[in-house]
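One structure is given below, encoded as structure tokens.
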Amino acid sequence: MWAMMAKAAFGKEQQDDFYASKLGTARFYFARLLPRIHSLDASVRAGSESLFLLEASQF
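Be aware that the sequence shown starts at 1, since it is given in UniProt numbering, and climbs by one per residue.
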């Protein structure tokens, strides 16, 4: 979705601050947020068994 929005805004950022903002946000997303998918994927795949080994009083 972000790639499609960035593609639509590309080349128009000089004409309108709206498009410049879209491209800036897309750059931030791709540089800072998207790379997290690898660690989040590993966390999800690890399961929650270790969490349920704790008693409520241990929190």
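For each residue, glycine too, the CB sits at the ideal point set by N, CA and C. These numbers were taken from a predicted model, which means no experiment stands behind them.
Between the C-alpha atoms of residue i and residue j, what's the straight-line distance to the nearest angstrom?
i	j	result
Ser-50	Val-44	12 Å
Any beta-carbon of chain B closer than 7 Å to the one on residue i?
i	result
Met-5	Looking for chain B here will not work: only one protein chain is present.
Taking all protein chains shown into account, decide if residue i is buried (16 or more other Cβ within 10 angstroms of its Cβ) or exposed.
i	result
Lys-7	exposed
residue 110	The chain is shown only over 1 to 59; residue 110 falls outside these bounds and no answer can be derived.
When you compare the CB positions of residue i and residue j, do they come within less than 7 Å of one another, or not?
i	j	result
Leu-23	Ala-3	no
Nearest to residue i by CA position, among the options, is which residue?
i	options	result
Met-1	Leu-34, Phe-59, Gln-15 and Gln-14	Leu-34
Met-5	Phe-52, Ser-21 and Gln-14	Ser-21
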